[in-house]
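Protein chains in written order, with the working numbering: chain A, 4 to 230; chain B, 81 to 200. All C-beta atoms in this analysis are idealised placements derived from N, C-alpha and C, irrespective of residue type, glycine included. Presented below is the structure to which this report refers.
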Amino acid sequence: MSIIVFASSKGGAGKTTAAIILASEFAQQAAPKGKTITLIDADPNQHSAKWAFKSGCPLNIKVVENSNEDSIIDDIDNANQDSAFVIVDLEGTASMAVASAISRADLVIILCQGSQDDADEAIKTIKLIKRQEKLLARKIVYSVLFTRTHPVIRPRTLTYITDEFKKLKIEMFHCSLIDREAFRAMRSFGGTIENLDQNEVYSKDKAIANIKAFTEEVKIKLLNLSR
Amino acid sequence: MNNKRTGFDFEEVIDLDLVERVSNSSKTVSYKDLEQVAADSGFIKRLPQTKKSRRKRSPYTEQLGIKIRPLIKDIFQEIGEKLSVYDHTTFELAILALIEKENDQELIKKYKNATSKSIL
């Protein structure tokens, strides 16, 4: 019913991590209500599908593997029939798959690290969104999420980029995804962050707090959409 | 050290039901238009659109180096030019003419078998 697309035309921006974090959180909250979340993996590397097939993945996450630029619109439309939320993890490249997924999106989350290259690619994706808005005659809500940020230090480049984005009136998440071992562990062990062994993962509680902050902010954005 | 940079109220959890919504209805556009807008923004098709064509291999793979009388080479090339064929074809046609003249059925059969293999 709600289609959330994780986009960045640059690889390594944190799309898969953010996508599986959101999918696992939404799945846990939707499970008592008997609702499902569909996670569409349109990255040829299939990392989010690999995570989903590891043990511990919430059972109400339905995975669509090997989606590509020819099938992605149908995959999204089919998933939208029976899932409360459709989460799309895309390949880090400027491809038609990205454009097609954005054309169906209710919310586009653009991943960006605090680097000039990432910021340039984020702008490229926003330009595509703006052009699609004209073509589709509807507003496509997007927001930039900074990833792999330092828990304490805020580099000057990141400050510069956020200041520039503010000047350009580019929508940004208040929270960021902090570079935490717990997120890597989640990918490595599978399952949800809550189920990770406290002894295996450093600062699990802080990672959970970060996930909650991100998830709640996504919900606020979706809430604003439905109003 | 301030670790509240995200500044979010974690306690206030929004009910998922509130944010689950019916999708936006948008203008129906053709895939071609979408493709054009994407291309204008630098987002292009990445999947190969045509099947890779296989490189054609010549069946003429054996080399034959022979010594001939002076001017015979010229005659050989001249007849090839008249027939508008390459040297290897001239040679094959000459062989065929010879074995047909000799009416050697076994060799004719062998020749046809050798030349029937079209370009791989």
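*So I24(A) packs on I214(A), CB below 8 Å; how close in whole Å?*
In the first sequence, counting from the first residue as 1, residue 24(A) sits at position 21. In the first sequence, counting from the first residue as 1, residue 214(A) sits at position 211. With 8 Å as the limit, I24(A) and I214(A) qualify as a contact, their Cβ atoms being about 5 Å apart.
_Using C-beta distances below 7 Å, list every residue in its chain close to I164(A), excluding the 5 sequence neighbours before and after it, in chain order._
On the first sequence, position 161 is the one that residue 164(A) refers to. Once the five neighbours on either side are set aside, the close Cβ partners of I164(A) are G117 and A122.
*Who are the near neighbours of G263(A) in its chain, counting only those whose CB is closer than 6 Å to its CB and skipping five residues on each side?*
Lying before the first or after the last residue shown, residue 263(A) is absent from chain A, which here runs from 4 to 230.
*If you draw a straight line from the C-alpha of T218(A) to the C-alpha of E28(A), how long is it?*
On the first sequence, position 215 is the one that residue 218(A) refers to. On the first sequence, position 25 is the one that residue 28(A) refers to. Straight across, the Cα-Cα distance linking T218(A) with E28(A) is about 7 Å.
*asked:* Comparing C-alpha positions only, which one of L161(A), F186(A), G59(A) and Y145(A) sits nearest to Q31(A)?
replied: The sequence position of residue 31(A) within the first sequence is 28, counting from 1. Of the candidates L161(A), F186(A), G59(A) and Y145(A), the one whose C-alpha sits nearest the C-alpha of Q31(A) is G59(A).
*Checking contacts by CB at 8 Å: is K125(B) closer than that to chain A?*
Within the second sequence, the letter at position 45 stands for residue 125(B). Output row for K125(B): interface = yes.
*Helix, strand or coil at R107(A) [DSSP, three-state]*: Here residue 107(A) refers to the residue found at position 104 when the first sequence is read from its first residue. Helix, per DSSP.
*Helix, strand or coil at I164(A) [DSSP, three-state]*: The count along the first sequence starts at 1 and reaches residue 164(A) at position 161. If DSSP states are grouped into helix, strand and coil, I164(A) belongs with the helices.
*Pull up the distance between the alpha-carbon of S110(B) and that of I76(A), whole angstroms please.*
Residue mapping note: residue 110(B) aligns to position 30 of the second sequence, counting from 1. Residue mapping note: residue 76(A) aligns to position 73 of the first sequence, counting from 1. S110(B) and I76(A) have their C-alpha atoms some 12 Å from each other.
*Please classify K170(A): does DSSP put it in a helix, a strand, or coil?*
Taking the first residue of the first sequence as 1, we reach residue 170(A) at position 167. The answer is helix: DSSP assigns K170(A) an H, G or I state.
*Inspect the beta-carbon positions of T152(A) and L161(A) and report whether they are closer than 8 Å.*
Reading the first sequence from its first residue, position 149 is the one you call residue 152(A). Reading the first sequence from its first residue, position 158 is the one you call residue 161(A). Against a cut-off of 8 Å, the Cβ pair of L161(A) and T152(A) comes out as a contact.
*Mark A177(B) as exposed unless 16 or more other C-beta atoms lie within 10 angstroms of its C-beta, in which case mark it buried.*
Indexing the second sequence from 1 puts residue 177(B) at position 97. Burial call: exposed.
*Once you ignore the five residues that flank I124(B) on each side, which residues in its own chain have a CB closer than 8 Å to its CB?*
Working through the second sequence from its first residue, we reach residue 124(B) at position 44. Closer than 8 Å at the Cβ level, and outside the excluded window around I124(B), lie A118.
_Secondary structure of R151(A), DSSP reduced to three states_ = Against the first sequence, residue 151(A) aligns to sequence position 148. It is a strand residue.
*Thinking C-beta only, is S146(A) closer than 8 Å to E174(A)?*
Counting from one through the first sequence, the residue named residue 174(A) turns up at place 171. Counting from one through the first sequence, the residue named residue 146(A) turns up at place 143. E174(A) is a Cβ neighbour of S146(A), given a cutoff of 8 Å.
*asked:* Can you look up K13(A) in the DSSP assignment and give me helix, strand or coil?
replied: Sequence index remark: in the first sequence, residue 13(A) carries index 10 (1-based). Three-state DSSP puts K13(A) in coil, outside helix and strand.
*Cβ of V117(B) less than 8 Å from any chain A Cβ?*
Taking the second sequence and counting its residues from 1, one reaches residue 117(B) at position 37. Yes, because at least one Cβ of chain A sits closer than 8 Å to the Cβ of V117(B).
*For D113(B), which residues in chain A fall below 9 Å Cβ to Cβ?*
Sequence index remark: in the second sequence, residue 113(B) carries index 33 (1-based). D113(B) reaches chain A at L138, counting residues in chain order whose Cβ is nearer than 9 Å.
_Any chain B beta carbon closer than 8 Å to V8(A)_ = As a working note, residue 8(A) is residue 5 in the first sequence. Not a single C-beta of chain B is nearer than 8 Å to the C-beta of V8(A).
*CB P35(A) to CB T195(A), shorter than 8 Å?*
The residue you call residue 35(A) lines up with position 32 of the first sequence. The residue you call residue 195(A) lines up with position 192 of the first sequence. Cβ atoms of P35(A) and T195(A): not closer than 8 Å.
*Pairwise C-alpha distance: G17(A) and L148(A)*: Within the first sequence, residue 148(A) is the residue found at index 145, counting from 1. Within the first sequence, residue 17(A) is the residue found at index 14, counting from 1. Going from the Cα of L148(A) to the Cα of G17(A) covers about 9 Å.
*For S103(A), which of F186(A), E184(A), R159(A) and A45(A) has the nearest alpha-carbon?*
Stepping through the first sequence from its first residue, residue 103(A) is reached at position 100. Nearest option by C-alpha distance: A45(A).
*Give me whichever residues DSSP pairs with Y145(A) in a beta bridge.*
Walking along the first sequence from the start, residue 145(A) turns up at place 142. Note: Y145(A) sits in a beta bridge opposite V111(A).
*Which residue's Cα is closest to the Cα of A216(A): K137(A), K127(A) and H177(A)?*
Here residue 216(A) refers to the residue found at position 213 when the first sequence is read from its first residue. Minimum Cα distance to A216(A) is reached at H177(A).
_Contact set for V155(A): own chain, Cβ-Cβ below 6 Å, skip 5 residues either direction_ = Along the first sequence, read from residue 1 onward, the residue named residue 155(A) stands at position 152. None.
*When the Cα atoms are used, what is the spatial distance from I179(B) to Q185(B)?*
On the second sequence, position 99 is the one that residue 179(B) refers to. On the second sequence, position 105 is the one that residue 185(B) refers to. If you take the alpha carbons of I179(B) and Q185(B), they lie about 8 Å apart.
*Is there contact here, the stretch 176-190 of chain A with the stretch 128-141 of chain A, by at least three beta-carbon pairs under 8 Å?*
Between the stretch 176-190 of chain A and the stretch 128-141 of chain A, the count of Cβ pairs shorter than 8 Å is below three; the stretches do not touch.
*Using a Cβ-Cβ distance under 8 Å, would Q135(A) count as near chain B?*
For the purposes of this step, residue 135(A) is identified with residue 132 of the first sequence, where counting begins at 1. Contacts with chain B at 8 Å (Cβ-Cβ) include Q135(A).
*Can you list, in chain order, the residues of its chain whose CB lies under 6 Å from that of D89(B), leaving out five sequence neighbours each side?*
In the second sequence, the residue the question calls residue 89(B) occupies position 9. Note on D89(B): pLDDT 37, under 50, position unreliable in the model; the coordinate value appears next. In its own chain, leaving out the 5 sequence neighbours on each side, no residue places its CB closer than 6 Å to the CB of D89(B).
*Using the Cα positions of N71(A) and A194(B), report the straight-line distance between them to the nearest angstrom.*
As a working mapping, residue 71(A) is identified with position 68 in the first sequence. As a working mapping, residue 194(B) is identified with position 114 in the second sequence. N71(A) and A194(B) have their C-alpha atoms spaced approximately 47 Å apart.
_Rounded distance between the beta-carbons of L42(A) and I64(A), thought under 8 Å_ = The residue labelled residue 64(A) in the question sits at position 61 within the first sequence. The residue labelled residue 42(A) in the question sits at position 39 within the first sequence. Between L42(A) and I64(A) the Cβ distance is about 6 Å, and since that is below 8 Å, they are a contact.
*Backbone CA spacing between N69(A) and S106(A) [nearest angstrom]*: Looking up residue 69(A) in the first sequence gives position 66. Looking up residue 106(A) in the first sequence gives position 103. Cα atoms of N69(A) and S106(A): separation of roughly 19 Å, rounded to the nearest angstrom.
_From R126(B), K192(B) and D167(B), residue whose alpha carbon lies closest to that of I155(B)_ = The sequence position of residue 155(B) within the second sequence is 75, counting from 1. Comparing Cα positions, the closest option is D167(B).
*If you draw a straight line from the C-alpha of V91(A) to the C-alpha of Q129(B), how long is it?*
On the first sequence, position 88 is the one that residue 91(A) refers to. On the second sequence, position 49 is the one that residue 129(B) refers to. Near 24 Å, if we compare the C-alpha coordinates of Q129(B) and V91(A).
*Let me know the secondary structure DSSP gives F171(B) once reduced to three states.*
Position 91 of the second sequence, counted from the first residue, corresponds to residue 171(B). F171(B) falls in the helix class under three-state DSSP.
_Taking 8 Å as the threshold (C-beta atoms), are D85(A) and T39(A) in contact?_
Looking up residue 39(A) in the first sequence gives position 36. Looking up residue 85(A) in the first sequence gives position 82. In this structure, D85(A) lies closer than 8 Å to T39(A) by Cβ.
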